[in-house]
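Here's the structure we're looking at; comments come further down.
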Amino acid sequence: MILIIDFGSQFNQLIARRVRENEVYCQIEPAGLSLDKIRLLNPDGIILSGGPSSIYEENSPTIDAGIFKLGVPVLGICYGMHFMIQALGGKIARPKKREYGFATLEIKDHKTSVGTESEQKLSNKKSSLSLFKGMHSPFQCWMSHGDSTEILPDNFVITASTENTAIAAIADVQNRFFGLQFHPEVEHTINGTAMISNFLFDVCNCKKSWNMESFANGAIAQIKETVGDKKVIMGLSGGVDSSVAALLIHKAIGKNLHCIFVDNGLLRKNEKENLKKSFTAHLTKQVITDGSVNPNSNSNPDMNIIFVDAQKKFLDALKDVSDPERKRKEIGRIFIQVFEAEASKIEGADFLGQGTLYPDIIESKSAFGGPTSIIKSHHNVGGLPEKMNLKLIEPLQLLFKDEVRKLGIELGLNEDMVWRQPFPGPGLAIRIMGTVSEKRLTILREADSILLEEIRYAGLYRELWQSFAVLLPVKSVGVMGDKRTYDSCIAIRAVNSKDAMTADWARLPHELLAKISNRIINEVDGVNRVVFDITSKPPGTIEWE
282 MILIIDFGSQ FNQLIARRVR ENEVYCQIEP AGLSLDKIRL LNPDGIILSG GPSSIYEENS
342 PTIDAGIFKL GVPVLGICYG MHFMIQALGG KIARPKKREY GFATLEIKDH KTSVGTESEQ
402 KLSNKKSSLS LFKGMHSPFQ CWMSHGDSTE ILPDNFVITA STENTAIAAI ADVQNRFFGL
462 QFHPEVEHTI NGTAMISNFL FDVCNCKKSW NMESFANGAI AQIKETVGDK KVIMGLSGGV
522 DSSVAALLIH KAIGKNLHCI FVDNGLLRKN EKENLKKSFT AHLTKQVITD GSVNPNSNSN
582 PDMNIIFVDA QKKFLDALKD VSDPERKRKE IGRIFIQVFE AEASKIEGAD FLGQGTLYPD
642 IIESKSAFGG PTSIIKSHHN VGGLPEKMNL KLIEPLQLLF KDEVRKLGIE LGLNEDMVWR
702 QPFPGPGLAI RIMGTVSEKR LTILREADSI LLEEIRYAGL YRELWQSFAV LLPVKSVGVM
762 GDKRTYDSCI AIRAVNSKDA MTADWARLPH ELLAKISNRI INEVDGVNRV VFDITSKPPG
822 TIEWE
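Read in order, the letters of the sequence shown correspond to residues 282 to 826 in my numbering.
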């Protein structure tokens, strides 16, 4: 098992993801974790994450320096490296030049051979431990730091440098302590995954023993223990997240799961109808639709699904609301109200199930109690009131989207549902810039439907992380049928990503863009201009709001 200490990095769960990709179990814990708890966990290795703080600042996150006396390998990444250096007697300072973004890493070769023959053999064996095994430099890495190492602790050597950072990687191979100033967990770092793999297997001697089957078994057992004989109500949107979470909870507690589909009026075209078909065919044999039992269903009678029409409540709450954070808060508030109303009808419903994923958590609040910098509130967490009558069950909150898809396949979920592109909980409300109205929703629904139809025809739907239309709050002049128009503008957004933590805009074929633009302008009343978003994440986000 690998213990990851959360010093507040936006990418700390990416570290866990890289560990899991190697089929090694890991846990992320806050920096305040006690040394006794660490001993109890008995990790094979410890990874100290990065973070937004400077090590010399007051109240910067720390952990008991006794971790360096446990005889356990430690890898410090960025801030984690700074903490290691300072704790072991080195010095960190703010240099004249900071370093953000791409850098070229040059590996340095260091070997030692000292002591008696037996000590020398052990020394040579340890000295052969290198995070850079099998790699040829130079290669690209991803830097994000304002501080740098000024003085190394005893026994450490420099193992890699960049043009601006002389001490980009360090090692004390005798004690199996390693530090990386850059971020190996992000895709931008070439060989980053291999570095983590080398740490796991060469340094920590981990064994491959963790996969989606073991995750599912553990999650089911945990849900059973947490829920007991109580009931869970689950917001089932039909997306992969909520569907997989519902199946997982259902496998744990069976008929005590009550799924609720809330029609908030912010759905894509024909969403409700398509979801009813999908649920009937793949998730449930008994569907409760608006309070009446569907007698023609023939799947699992233990899974209950209730469809609730709450369109008016949501649209009334969003009237004249243009600020994106207020939209999310209002949607979250009404969502909880609807669920509490349904929960009051179900005796023993103490829990609310959600398909929250890690990117939802990390962009909304600090996961695991760490000092992570908040980017934005999210539909699954930002709208929850402080005093809620239902306790949360979020079995997917440590997973990324592609891992959830693997889990869905493991659980037997239909592939069409497993491969649905992400759709935000606030729905089209955050893809309409400005206020939300029936008219603007209709425009966006029609444009989005055309976009997705053409993406599917082009065979790109599964290749893209997300593809969707955005209605902009501006109008522009156009000419249609020899007449002057002054209508709305649609932006096309399509991105490639593996985990939503970073994303690059998709290079869609010009012919496809032309066809999408032509169809939207010709078929959607109120639109006379289409633009294509070529912003990556960072600096932008995937959604516009």
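Built from N, CA and C at the ideal position, the CB exists for glycine as well.
Predicted model only: the values in this text are computed from it and were never measured.
Between residue i and residue j, which are expected to be in contact by the criterion C-beta below 8 Å, what is the C-beta distance as a whole number of angstroms?
| i | j | result |
| --- | --- | --- |
| Val513 | Gly634 | 5 Å |
| Val812 | Cys770 | 6 Å |
| Asp345 | Leu316 | 4 Å |
| Cys307 | His464 | Contact flag wrong, Cβ pair sits at about 17 Å. |
| Ala374 | Ser429 | 7 Å |
| Gly520 | Phe681 | Actually they are not in contact, since the Cβ atoms of Gly520 and Phe681 sit about 15 Å apart, beyond 8 Å. |
| Leu356 | Gly326 | 7 Å |
| Gly361 | Ser330 | 5 Å |
| Thr440 | Phe413 | 7 Å |
| Asn472 | Phe420 | 6 Å |
| Met493 | Lys687 | 5 Å |
Count the other CB atoms, across all protein chains shown, that sit within 10 Å of the CB of residue i; report buried if there are 16 or more and exposed otherwise.
| i | result |
| --- | --- |
| His417 | exposed |
| Gly740 | exposed |
| Met761 | exposed |
| His659 | Its pLDDT being 44, under 50, His659 is placed unreliably in this model, and the value from its coordinates should be taken loosely. Buried: at least 16 other Cβ atoms inside 10 Å. |
| Ile296 | buried |
| Lys668 | Because Lys668 sits at a pLDDT of 49, beneath the cut-off of 50, its placement in the model cannot be relied upon, and the point is left open. |
| Ala502 | exposed |
| Asn293 | buried |
| Glu826 | buried |
| Lys608 | buried |
| Thr653 | Bear in mind that a pLDDT of 41 at Thr653, under 50, signals an unreliable position, so the model cannot answer this. |
| Glu606 | exposed |
| His791 | exposed |
| Val454 | buried |
Could you pull the start and end residues of the alpha helix (DSSP H) that residue i belongs to?
| i | result |
| --- | --- |
| Lys505 | Met493 to Val508 |
| Glu719 | Glu719 to Tyr738 |
| His464 | It is not in any alpha helix (DSSP H) - His464 carries neither H nor E in the DSSP assignment. |
| Gln367 | Tyr360 to Ala368 |
| Ala526 | Val521 to Ile534 |
| Asn293 | Asn293 to Glu302 |
| Gly829 | Outside the displayed range of the chain (282 to 826) lies residue 829, so it cannot be described from this structure. |
| Val685 | Lys682 to Leu692 |
| Gly613 | Pro605 to Ala624 |
| Ala374 | No alpha helix (DSSP H) holds Ala374; the beta strand (DSSP E) holding it covers Lys372 to Ala374. |
| Asp697 | Glu696 to Val699 |
| Lys512 | Element bounds for Lys512: not the alpha helix (DSSP H) but the beta strand (DSSP E), Lys512 to Gly516. |
| Asp631 | Where Asp631 is concerned, there is no enclosing alpha helix (DSSP H), although the beta strand (DSSP E) it sits in stretches over Ala630 to Gly634. |
| Ile815 | Neither: Ile815 is in no alpha helix (DSSP H) and is coded neither H nor E. |
| Leu316 | Leu316 to Leu322 |
Could you check which residue in the options has the C-alpha nearest to that of residue i?
| i | options | result |
| --- | --- | --- |
| Ser523 | Leu329, Ile815, Gln462 and Val699 | Val699 |
| Gly715 | Leu752, Gly689, Met362 and Tyr738 | Leu752 |
| Ala630 | Glu606, Phe595 and Lys672 | Lys672 |
| Phe616 | Asp601, Phe595, Ile627 and Ser625 | Phe595 |
| Gly289 | Ile713, Glu304, Thr343 and Met282 | Thr343 |
| Asp597 | Leu793, Ala750, Tyr738 and Glu719 | Glu719 |
| Ala772 | Lys764, Ser518, Ser625 and Leu794 | Leu794 |
| Ala526 | Leu369, Arg810 and Gln678 | Gln678 |
| Ala497 | Val685, Asp729 and Lys764 | Val685 |
| Arg712 | Pro754, Asp683 and Ile731 | Pro754 |
| Glu431 | Tyr337, Trp491, Leu548 and Ile285 | Tyr337 |
Could you give the first and the last residue of the continuous beta strand (DSSP E) run that contains residue i?
| i | result |
| --- | --- |
| Met424 | Phe420 to His426 |
| Leu284 | Ile283 to Asp287 |
| Leu673 | Lys672 to Ile674 |
| His539 | Leu538 to Asp544 |
| Ala450 | Ala450 to Asp453 |
| Phe595 | Unbroken run through Phe595 is the alpha helix (DSSP H), Gln592 to Leu599; no beta strand (DSSP E). |
| Glu431 | Ser429 to Ile432 |
Closer than 9 Å, CB to CB, is residue i near chain B or not?
| i | result |
| --- | --- |
| Gly740 | Protein chains in the displayed structure number just one, and chain B is not present. |
Secondary structure, alpha helix (DSSP H): runs of 4+ residues fully inside the segment 733-810: 791-804
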